[in-house]
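Take a look at the structure below.
There are 4 protein chains.
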Amino acid sequence: MERIGVLTSGGDAPGMNACVRAVVRTALAHGVSALGIRRGYAGMIDGEFELLTSRAVGGIARWGGTILQTARSMEFKTPEGFAQAVENVHRSGVEGLVVIGGDGSLHGARELHKAGIAAVGVPGSIDNDICGTEMSIGVDTASNTILEAIDKIKDTASSHERAFVIEVMGRRSGYLALAAGIGGGAEIVIVPEHPTDMDKILGEMKAAHDRGKPHFIVVVAEGATPTATEIRDAVAAAHSGFDARLTVLGHVQRGGSPTAADRLLATKLGTGAVDALLAGKSGVMVGIRANETVLVDFDEVLVCNRPADADLVRLDEIIRL
Amino acid sequence: MERIGVLTSGGDAPGMNACVRAVVRTALAHGVSALGIRRGYAGMIDGEFELLTSRAVGGIARWGGTILQTARSMEFKTPEGFAQAVENVHRSGVEGLVVIGGDGSLHGARELHKAGIAAVGVPGSIDNDICGTEMSIGVDTASNTILEAIDKIKDTASSHERAFVIEVMGRRSGYLALAAGIGGGAEIVIVPEHPTDMDKILGEMKAAHDRGKPHFIVVVAEGATPTATEIRDAVAAAHSGFDARLTVLGHVQRGGSPTAADRLLATKLGTGAVDALLAGKSGVMVGIRANETVLVDFDEVLVCNRPADADLVRLDEIIRL
Amino acid sequence: MERIGVLTSGGDAPGMNACVRAVVRTALAHGVSALGIRRGYAGMIDGEFELLTSRAVGGIARWGGTILQTARSMEFKTPEGFAQAVENVHRSGVEGLVVIGGDGSLHGARELHKAGIAAVGVPGSIDNDICGTEMSIGVDTASNTILEAIDKIKDTASSHERAFVIEVMGRRSGYLALAAGIGGGAEIVIVPEHPTDMDKILGEMKAAHDRGKPHFIVVVAEGATPTATEIRDAVAAAHSGFDARLTVLGHVQRGGSPTAADRLLATKLGTGAVDALLAGKSGVMVGIRANETVLVDFDEVLVCNRPADADLVRLDEIIRL
Amino acid sequence: MERIGVLTSGGDAPGMNACVRAVVRTALAHGVSALGIRRGYAGMIDGEFELLTSRAVGGIARWGGTILQTARSMEFKTPEGFAQAVENVHRSGVEGLVVIGGDGSLHGARELHKAGIAAVGVPGSIDNDICGTEMSIGVDTASNTILEAIDKIKDTASSHERAFVIEVMGRRSGYLALAAGIGGGAEIVIVPEHPTDMDKILGEMKAAHDRGKPHFIVVVAEGATPTATEIRDAVAAAHSGFDARLTVLGHVQRGGSPTAADRLLATKLGTGAVDALLAGKSGVMVGIRANETVLVDFDEVLVCNRPADADLVRLDEIIRL
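Given below as structure tokens:
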């Protein structure tokens, strides 16, 4: 293999740049050149390939976002678009591809693999909703961003009889909500995997108020039932003893300089992806298990559905006592 | 004067603890003892006075919130409540009072002053909406919290054709929105002092999109017209070329470890307040002008309405070019 | 088991408070009461035991340091001191002990276990030098503190032909130096496990200068050969083309609000320790492997010597290319 | 005036980029084009001028360092170098110059002004040692960096009988040491303006230990007498009851994303500098007083010596009680 390509795709995640750096420098360490493909599959179709030197990726590990940019491409899902993408890869001389992104991006990588292009995936998704790896790139940074928000709210919370409802990311996964809720000491965490009765939430709030709790913090993943806004409205209407305030963190959670753990994970996975390509692997994602990189077949990654982490659910129940 | 009292009131602001520390230690430096009054005027009525030693305020300067807690008291506005408060102050031996808070709190301090209790105010309000001082306690910390959120959104913004609408505090003042908008490079800032036509906002967004701007950041003070939610909805409906995402920071802005500037300002004002009481002053607020503390009559502070800072409005217009 | 005790010992590490919170609340969840023992083994000898309620540990997870304080106790190593400690534990009604700390602290726990007191250890050490666990409490926070320092130095580094030598913690372990060096993009990392020739360091620096590198960052663990100061002095004397500046982070690395990962790890380990005691275990440390808690015999933990992480050494070599 | 030039010179300071952004966009708002001059006076001699568009300075305000880089130029002080610099400015079409930097840089600007080139200075120096302005660019960010270090040390300090000696920047000015020392609650602050007897320092330390203080934090500006290292050594030798640990922050203090206050100050000063040039001014520095920009003659700026801020010295004495 003489040339590899790397792209970032889907929602961006802090640490993607550290992964790109690792891909490029591991390739160079093996005498393999590296091309960056801009804007994910969209750029693959539009032919936006560029040579990445060692210097080009110097200093990028500390930046949020991705220097390669991402995009969602409808065209890639059409036969014409896909064919164009495949043709461009071949024309560029790229013999192996590293795709950094979430489930949707890995789906695309599987299609390319089936079309005969060696492709290895790297899990990048702040939601931690990808199977086959303990952790995805961006999760750690996003957890810390949420935690800082909860900590700040706690500074002010104790002064008032207030319920704070905090909406965090996680359309189908409660990982971020649980991790930050446990760390931050939320009174209740609502996750997509476990729809919760509004009366139960209000009941716990009332009980907490009666026990003399000065405040009540609810962390709600955006895919949860009920939603953060619904909870805020219900609390406001319910005479729970608490006044209700809403915080919606939104895309703040996707940004920020990646943490040490995210940069290290991204480096391990990026290096592991190039190692895998050079070992002749394709159709696999590089995951992390017990501090070691592992290769997991795309089929295994993409059929599964991560349930809520049972350990975290238990810890959350203990900690909120 | 042998004993002073200190309380924090209204919305809490980072730096209030540094101010309490300064009040107590300046008093002690003059051989005057200090009582803390819990939960603002509510605690004054309920008799929640406690001796504050030098050690009791050691290490508190770095914490957000206020160790004395705050509350809003309806009872204080009744003749009975007020009379009880005055009686409790007299009974406690407090001969001079330092009131840290916003306009509402200073109103209360003026009433106490009129009732014969020596009272000096300190401006504490993250909104920077208090007249007679260049800066209030908490503004600097809140500005930085907002700025970090904008910076993080910018990490991810460049990857997508997205408009980000960020609601920040400021019910009647656009100071925070302008300061953070200028620092963070927002494309447009909407402030309460200048109601803005929705068509103008959408027009600027469209023009930016046509000029090739990859993203568009709108910072909106919570008291502005239109509101952040209205703008988000209008953008979503408008086919402006941008997808619209909302961030509502909420009470995150009230928390956090106070910045160096907030701790220093709070220390200057707290020391200045005790200096003023010991010099026989009452019915005044300690403000900061040109790095010096100044005394401003409550009447002057409370009748005025700070207009939007004309310099900031001009800078915002220049910087967004 | 009706009552457990918990203590923190040795150098403090961010996350110890989250672990104390988890120990107390897990105990309470099982109907077991919890005593905190102040100042580690010193307080055990002096009889500083106090009941920890759920509320007493509310909100502590976000604070650095340890509310139980730590100390190093010479007396505990004497037969008299040890006997007094054992007696106090028995008198307090504590039937199981959770000891949070590094190797020295776990040594003590092993002695107590041998003396018939049920004792379970939890690895707390920012150096990540404890065997039997992938990660210790405090490592993640310290890594981020170092990384932020490197990032800040990089802001200024590119303007000048300067070599920056940064001394970080790690008397016998290069983990922190490697993790932060890889994440931060250091040009060379010097670890205790691999003494390095000064000429090699200067040679790499000279080569980097000749290749046009605007700056050169050396991360040095405090136990490494040569030391940070020696390297700074050698660079200054060597006409390497670089001017040399030294940063010594010192105890800054032990502080700070624990990160999300440290709080979560500490919570898992604390809960796991109580689970182990309640299951009748003693003489073991709770470690983390592949996201699961594992129990490792003290003997296994304390005889070993963690070598430098070979994966990190390889990544460091690749990334610095 | 149809074209202005802007350069950053001397030690870099966070906020310089926000100032460059303001200079460029204010110029453009007036229909004036802007050239950036790389590497300060060195680049002026070497002819490193480049056109700065509005987009070229988009998004730079949040980065530490300076996109224009800085350098110290010996050649500029020679008649030949100076003549070359002047010639290059004329050849570039630059009719007015904005020089951002410290005293040395403003000296250079004064020489250019005398040579007939319209030149306006902007104070950029983390030390806050420039006369004629309340505040310089970078001071606020550096203060916060130091404060965070002190806060982190305090987390761990209370656990041990330790004296922490922290060296901070300030070769001739104690501003940073005082501001951070007051905010962080240092037990003693040693500044260059007031040489301090070692016996006095040790005496206060001993007295603190005898009063039961669990730790003792000494903040020392790098230009102070005695130095941080001397104090650490003296404490170690003195049997003061404290163990002594040293932290040397070094160039960490020059980096970091500029704070809200630094970005706003830099924006005001940058806009003010272009306003001044367009109003026909030269030979002046733009300072800030009472939130307004003021113009101060270079001669006034450069002859003076800022004494230690008497207010801060007093506050420090009160707060450490």
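Chains as they are written, first to last, in my numbering: chain P, 1 to 321; chain A, 322 to 642; chain W, 643 to 963; chain D, 964 to 1284.
Where a beta carbon is used, it is the ideal one built from N, C-alpha and C, also for glycine.
Keep in mind the model is a prediction, meaning the values are calculated, not measured.
8 Å Cβ cut-off: residues of chain A touching residue i
i, result
"GLY1021/D", "GLY506"
Reference residue i, options the options, closest by Cα
i, options, result
"THR267/P", "ILE4/P, ARG306/P, PRO14/P", "PRO14/P"
"GLU1038/D", "ARG1195/D, ALA1239/D, ALA1005/D, VAL1062/D", "ALA1005/D"
"THR838/W", "ALA921/W, ASP852/W, VAL861/W, ALA866/W", "ALA866/W"
"VAL120/P", "TRP63/P, VAL189/P, ALA276/P, ASP299/P", "ALA276/P"
"ILE522/A", "GLU543/A, PRO535/A, THR548/A, LEU499/A", "THR548/A"
"ASP520/A", "VAL489/A, VAL541/A, SER561/A", "SER561/A"
"VAL833/W", "LEU670/W, VAL860/W, PRO856/W", "VAL860/W"
"GLU222/P", "LEU112/P, GLY40/P, ASP233/P, MET169/P", "MET169/P"
"ARG393/A", "ALA348/A, LEU328/A, ALA343/A, HIS411/A", "LEU328/A"
"ASP1260/D", "ASN1268/D, ASN1254/D, PRO1270/D, SER1245/D", "SER1245/D"
"GLY689/W", "THR695/W, LEU677/W, ARG697/W, GLY746/W", "LEU677/W"
"GLU292/P", "GLY183/P, ARG38/P, LEU264/P", "LEU264/P"
"GLY1056/D", "ARG1283/D, GLY1044/D, THR1234/D, VAL995/D", "VAL995/D"
"GLY322/P", "ARG62/P, ILE137/P, LEU321/P", "Since the first residue of chain P shown is 1 and the last is 321, residue 322/P is not available in this structure."
Residue i at chain W interface by Cβ criterion, 7 Å
i, result
"GLY978/D", "no"
"GLU161/P", "no"
"THR267/P", "yes"
"ARG966/D", "no"
"ASP233/P", "no"
"SER33/P", "no"
Proximity below 7 Å, CB of residue i to CB of residue j
i, j, result
"ASP564/A", "ARG483/A", "yes"
"ALA784/W", "LEU748/W", "no"
"THR477/A", "GLY181/P", "no"
"GLY816/W", "GLU835/W", "yes"
"CYS340/A", "ILE438/A", "no"
"GLY1250/D", "GLY1065/D", "no"
"ILE153/P", "VAL443/A", "no"
"ARG645/W", "GLU729/W", "no"
"SER899/W", "ARG704/W", "yes"
Per-residue burial, residue i [other beta carbons within 10 Å of its own, 16 or more giving buried]
i, result
"THR550/A", "exposed"
"VAL945/W", "exposed"
"ASP127/P", "buried"
"GLY827/W", "buried"
"HIS434/A", "buried"
"GLY212/P", "exposed"
"PRO1270/D", "exposed"
Beta-carbon neighbours of residue i, restricted to chain D and to distances below 8 Å
i, result
"ILE639/A", "ALA985, ARG988, THR989, ALA992, THR1234"
9 Å Cβ cut-off: residues of chain P touching residue i
i, result
"LYS475/A", "GLY64, GLY65, GLY255"
"ARG566/A", "GLY250, HIS251"
Partner residues on chain A for residue i, Cβ-Cβ distance less than 7 Å
i, result
"HIS90/P", "The contacting residues do not exist; HIS90/P stays about 27 Å from chain A at best."
"ASP975/D", "Going along chain A, no residue has its Cβ under 7 Å from ASP975/D, so there is no contact; the nearest lies around 18 Å."
"ASN1254/D", "GLU455"
Contacts that residue i makes with chain D (C-beta to C-beta distance below 7 Å)
i, result
"PHE806/W", "HIS1214"
7 Å Cβ cutoff, residue i in contact with chain D
i, result
"LEU642/A", "yes"
"SER603/A", "no"
Interface partners of residue i on chain A, CB under 9 Å
i, result
"THR1222/D", "ASP461, SER464, ASN465, LEU468, GLY504, THR580, ALA581, ALA582"
7 Å Cβ cutoff, residue i in contact with chain P
i, result
"GLU776/W", "yes"
Listed by chain order, chain P residues near residue i by CB distance under 7 Å
i, result
"LEU906/W", "ALA179, ILE182, GLY183"
Contact set between residue i and chain W, taken where Cβ atoms lie within less than 7 Å
i, result
"ALA207/P", "By Cβ distance, chain W contributes nothing, its closest Cβ being about 14 Å from ALA207/P, past 7 Å."
Min CB distance residue i to chain A below 7 Å
i, result
"LEU1031/D", "no"
Below-7 Å beta-carbon distance, residue i vs any chain E residue
i, result
"SER1136/D", "Checking the listed chains, one finds no chain E in this structure; the protein chains it contains are P, A, W and D."
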